[in-house]
Amino acid sequence: MNYWRAVLLVAARDLKVELRSREQAVTLLFFALLVLVVFNFAFDFTVIDFVTLGSGVLWVAFIFSGVLAISRSFQLEREQDRIQGILLAPIDRSAFYLGKVAATVLFMAAVEAIVVPVSVVMFNFRFSGRIALVVLELVLNTVGFAAVGTLFAAMTTRTRRGELLLPLLLFPAAVPVALAAVKTTTHLLAGRPFERYASWVALSAAYDLIFLAASVLLFDYVLED
């Protein structure tokens with residue numbers, strides 16, 4: 002089977018399962034919006050620095066929603082030991098990995114597409130004139146988080162209490178991408194020139210490339226173990 006066709010089939014399968022139940026989409030969106038509402042009531046954004054805190058609020062919502070998406074994705078594979086079927090399937094296992102990453106990115110992007118406009122209204126965030134940079138930042142950091150999260154989810158999916166072990170492994174490894182995401186968003190909200198945060202964007206891009214390349218090379222061994 003063509004490699005990229007296999008990637009698309011894996012991603013399409015996850016999306017098809019979700020479209021049937023819509024359980025994950027509703028859960029992710031509800032959780033992300035709940036985070037915004039809680040922070041909105043907890044802090045007075047007319048008094049405190051909304052730029053610094055606001056970027057953190059956004060990425061807390063996105064990251065925890067991403068963890069739920071990744072955990073749910075591999076929960077489907079644990080049912081009836083579907084991982085064994087994947088090991089026997091005539092496709093490159095790295096194609097399975099990239100398909101899972103693609104599906105997670107799409108789930109998170111759907112949440113972000115709703116949460117960002119809501120945050121603009123709720124917290125009076127200002128992204129006007131920098132929409133392209135906002136999209137670039139969201140794409141880079143979402144891909145990075147999905148890449149590392151999918152790798153660790155595959156590592157823990159065949160272990161006891163894997164859903165509890167996943168965050169313990171994922172959060173430390175995701176610190177660089179989370180830090181880059183918050184810093185970039187802070188600069189965007191403050192309206193600073195791109196040169197001020199270009200290094201953070203470069204860090205996000207490098208993180209994506211390193212983790213995607215390493216995961217593609219190592220995923221065979223991850224599933225075997």
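For the numbering used here, add 1 to where a residue sits in the sequence shown, where the first one is 1. Idealized CB from N, CA, C, for every residue including glycine. Given the structure is predicted, the values throughout are model-derived calculations rather than measurements.
By the 10 Å Cβ neighbour count, where 16 or more other Cβ atoms means buried, how is residue i classified, buried or exposed?
i      : result
Ser120 : buried
Ser66  : buried
Leu165 : exposed
Phe42  : exposed
Ser22  : exposed
Ala175 : buried
Leu169 : exposed
Glu24  : exposed
Val58  : buried
Sort the options by Cα distance to residue i and report the nearest one.
i      : options                        : result
Thr233 : Thr53, Gln76, Leu37            : Residue numbering for the chain in the displayed model covers 2 to 226; residue 233 lies beyond these limits and cannot be assessed.
Gly130 : Phe124, Ala203, Leu190, Phe172 : Leu190
Ala182 : Ser56, Arg6, Arg14             : Ser56
Arg79  : Tyr198, Ala13, Thr157, Val38   : Thr157
Lys17  : Val39, Val58, Ser74            : Ser74
Trp5   : Leu30, Ala174, Tyr98, Leu34    : Tyr98
Leu134 : Ala154, Ala90, Leu169, Glu196  : Glu196
Trp227 : Leu37, Arg161, Ala96           : No statement about residue 227 is possible, as the shown extent of the chain runs from 2 to 226 and does not include it.
Phe159 : Gln85, Arg14, Trp201           : Before going on, a small fix: residue 159 reads as Arg here, not Phe. Nearest C-alpha to Arg159: Gln85.
Ala26  : Val136, Arg83, Leu10, Ala110   : Ala110
Glu225 : Phe212, Leu20, Arg94           : Arg94
Arg14  : Ala203, Val39, Leu77, Pro168   : Leu77
Ala148 : Val106, Arg162, Pro173         : Val106
Phe44  : Phe124, Ala199, Tyr198         : Phe124
Ala214 : Pro91, Ala90, Asn3, Ala96      : Ala96
Give me, in chain order, the residues of the same chain whose beta-carbon lies closer than 6 Å to that of residue i; leave out the 5 immediate sequence neighbours on both sides.
i      : result
Leu152 : Ser216
Ala12  : Gly100, Ala103, Ala104
Arg162 : none
Just curious, the alpha helix (DSSP H) that residue i is in, first and last residue?
i      : result
Gly130 : From DSSP, Gly130 is part of no alpha helix (DSSP H); its letter is neither H nor E.
Tyr198 : Note, Tyr198: premise wrong, no alpha helix (DSSP H); not H, not E.
Asn41  : 24-43
Glu113 : 94-124
Pro91  : No alpha helix (DSSP H) holds Pro91; DSSP gives it neither H nor E.
Ala175 : Run containing Ala175: none; DSSP gives neither H nor E here.
What residues in its chain sit with their C-beta under 7 Å from that of residue i, if we drop five residues either side in the sequence?
i      : result
Phe126 : Gly55, Ser120, Leu190
Asp209 : Leu141, Val144, Gly145, Ala148
Trp201 : Ala181, Lys184, Thr185
Looking at residue j and residue i, is the spacing between their C-beta atoms short of 9 Å?
i      : j      : result
Phe32  : Leu69  : yes
Gly100 : Val8   : yes
Ile71  : Ala179 : no
Leu29  : Phe108 : yes
Ala154 : Phe220 : no
Val116 : Leu34  : yes
Val112 : Ala62  : yes
Tyr167 : Gly192 : Correcting the residue type first, residue 167 is Leu in the shown sequence and not Tyr. Result no, Cβ atoms of Leu167 and Gly192 do not sit closer than 9 Å.
Counting only the same chain and skipping the five closest in sequence on each side, list residues whose C-beta sits under 8 Å from that of residue i.
i     : result
Ser1  : A query on residue 1 cannot be resolved here, the shown segment of the chain reaching from 2 to 226 and no further.
Arg83 : Leu77
With a threshold of 9 Å between beta-carbons, can residue i be considered close to chain D, or not?
i     : result
Phe63 : Among the protein chains of the structure shown there is no chain D, as only one such chain exists.
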